[in-house]
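Worksheet: one structure, shown below.
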Amino acid sequence: MKRQSSLVSESVLIEKLIQRDQQAFQWLYDQYSPALYGVVLRIVRDDEQAADLLQDIFIKIWKNLDAYDATKGRLFTWMLNVARNTAIDSLRARKTQPFAEIRTDAETVHIVDQEHNTEQPKPEHIGLKDVVNQLRPERKELIDLVYFGGYTHEEAAEKLNLPLGTVKTRVRAALQELKQLFR
Amino acid sequence: MNVTEYIASGILESYVMGAVSDQERREVECLSSIYPEVGRELDLLSEAIEQYAMLHSVEPPASIKDKLLQQLDFTSHEEADEEQESDTIVRPMPVDMSASNSHRTTWIVAACMGLAMLLFSFFLLSQLRTNQNALASVRTRNDSLKTVAGKLKADQAQSDQVVALLSQPALKRIELKGNEQAPEGNLSVFWSADTQQVAVNVKSLPALPADKQYQLWALVDGKPVDAGVFDVNGSATQSLNRSIARADAFAVTVEKRGGSPAPTMSTLLAVSPVKA
């Protein structure tokens, strides 16, 4: 699942976005909204709230495009961070308990697969199931806590009752494993 | 800086997971722009987390896109439309070929040359801009490397001094543990009676406000003698700029920046005798 947009076309896209070009926005939305919505949904676990947040997130992206610095990272990474931070902030503001009910991997796979049914299958597509099956469960749990739950290393250590060093080592191992999986 | 060690430290992984402090975030962004290896690894990790996020894709409700298209300001496409309209109006003009053929050719050639020159000057202008930008970025980078080099040099001088001190045979090492004011406090004092040099290695001490510093005191016959000030400065061993010929014990207090002539007893954090 290599991204099609090369660096050159990404810089053209950004230029058009900064010029407030509607077509460029539509392309951006079509390309990335499912991923951003998926992440937000995973964080807030509420369809209605996630939909409101997604709208806020795209408004934020639109207003802050000037602040995006291509030398500091990729556009999608930046958008993901905007989405993730917005969702986590809203979660904290509502003071709900994000991990009152952690979905198990099997459930998540089921839900995501269901929601994916409408999309055409891509031959080179690595499914969530494949990744989940390959990632060690304790590493996946940690990615989900930190990335989708907004936990700091310290909070994750407390939550999982693990030494901080172990948490740090596992986060690193998990990311390295992901990196290899997507190579 | 050891790039390999930095990459292996796990900070880049924490960065892409969004689990770093603001200071760490700035550090990663700065170093990844200076060191290509760091930048590359960061890119690979960002891509991995992007892909992982992609896997969780869920099609959002269609209404959101419509709302956004209504709500956001887009550039009006009137200018583009006008252009199109004028395009459609253009029609080949009936031309009297025999009379103006040579004139026409001359005009076309002149127009083409004019256009070519215009394009060429735009090209030159854009080249100039690119070069100026490149120059500016090289300058910035040069400056930042100079700063790094200066710091490394200072660190090196400091390390040399410390190594010289630590390699003396008569060196004494005194472990100081924090009292109830700094229960986590822990530092080592290195002192050589021969050369009268003294150095500290802070393992853990609470951070101080900018206007305060830690001050080391040598106790000689029950009287405190200033042994220099120091900061909590990573794990480096800091050589202090005072000569201490005799000491029965060493003590640490918190003083105003630059040190005090006499110790403030209320801020005494640690004291430990020198073993004979």
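Chains as they are written, first to last, in the working numbering: chain D, 599 to 781; chain U, -13 to 262. C-beta atoms are modelled at their ideal positions from N, C-alpha and C, and glycine is treated no differently.
Against chain D, the beta carbon of U/Phe60 has neighbours under 8 Å at Arg618, Asp619, Gln620 and Phe623, listed in chain order.
For U/Ala185, there is no enclosing alpha helix (DSSP H); the enclosing beta strand (DSSP E) has its first and last residue at Gln183 to Ser190. Among the residues of chain D, those whose CB is under 7 Å from the CB of U/Ser43 are Pro632, Ala633 and Gly636, following chain order. Using beta-carbon distances, D/Ala649 counts as an interface residue toward chain U, with a partner under 7 Å. Three or more beta-carbon pairs separated by less than 8 Å are not found between the region 608 to 617 of chain D and the region 13 to 20 of chain U, which leaves the two stretches without contact.
Shown in chain order are the members of the region 651 to 672 of chain D whose Cβ falls below 8 Å from a Cβ of chain U: Leu652, Gln653, Phe656, Ile657, Trp660, Thr669, Lys670, Gly671 and Arg672. Under the criterion of beta carbons closer than 8 Å, U/Pro210 and U/Ala237 qualify as touching, at roughly 7 Å. For U/Tyr1, no beta strand (DSSP E) run applies; the uninterrupted alpha helix (DSSP H) run containing it begins and ends at Ile(-3) to Val2, by DSSP.
Of the other Cβ atoms in all chains shown, fewer than 16 fall within 10 Å of the Cβ of U/Glu(-9); this residue is therefore exposed. The Cβ atoms of D/Val729 and D/Leu773 do not sit closer than 7 Å to each other.
Straight-line measurement puts the Cα of D/Arg692 at about 26 Å from the Cα of U/Arg11. In the displayed model, U/Ser258 falls within a strand according to three-state DSSP.
Cα atoms of U/Glu241 and U/Gly208: separation of roughly 20 Å, rounded to the nearest angstrom. Residue pairing by DSSP places U/Leu41 opposite no residue, since no beta bridge is assigned to it. Counting only residues of its own chain and dropping the five nearest sequence neighbours on each side, U/Val175 has a CB closer than 7 Å to the CB of Ile160, Leu162, Val184, Val186, Leu202 and Phe236. Residue state for U/Tyr200 is assigned as strand, using DSSP reduced to three classes. Look at U/Glu241 here: in three-state DSSP terms it is strand.
Note that the C-beta distance between U/His42 and D/Val638 is not below 7 Å. Contact check for U/Val44 against D/Tyr635 passes: the beta carbons are separated by less than 7 Å.
Within chain U, the residues placing a beta-carbon under 7 Å from that of D/Val769 are Gly(-4), Glu(-1), Ser0 and Met3, ordered along the chain. DSSP places U/Arg159 within a strand segment (E or B) once states are collapsed to three. From the listed residues D/Arg770, D/Val744 and D/Ala771, the smallest Cα separation to D/Leu758 is found for D/Val744. Residue contact with chain U for D/Arg737: absent (no Cβ-Cβ distance below 7 Å to any residue of chain U).
Under the 7 Å criterion on CB atoms, U/Ser112 is classed as non-interfacial with respect to chain D. Each of U/Gly164, U/Ala140 and U/Ala179 was checked against the Cα of U/Leu157, and the nearest Cα belongs to U/Ala179. Identification of residues in the region 172 to 194 of chain U having a C-beta nearer than 8 Å to some C-beta of chain D yields an empty set. Residues of the same chain with a CB within less than 6 Å of the CB of U/Ser190, apart from the 5 flanking positions on each side, are Glu170 and Asn172 in chain order. Counted as a single uninterrupted DSSP element, the alpha helix (DSSP H) harbouring D/Asn679 occupies residues Leu673 to Arg692.
Counting only residues of its own chain and dropping the five nearest sequence neighbours on each side, D/Ala648 has a CB closer than 6 Å to the CB of Val638, Leu639 and Val642. Comparing alpha carbon positions, the residue from U/Gly4, U/Leu54, U/Arg125 and U/Val215 closest to U/Glu36 is U/Gly4. The three-state reading of DSSP puts U/Val95 in helix, counting H, G and I together. Not a single C-beta of chain U is nearer than 7 Å to the C-beta of D/Val610. By the CB criterion at 7 Å, U/Leu31 and U/Val6 fall outside the cutoff.
For U/Pro247 and U/Leu(-2), the gap between their C-alpha atoms comes out near 45 Å. A direct Cα-to-Cα measurement between U/Val134 and D/Gln624 gives close to 44 Å. With respect to U/Ala39, D/Ala668 sits apart: the two C-beta atoms are not nearer than 7 Å.
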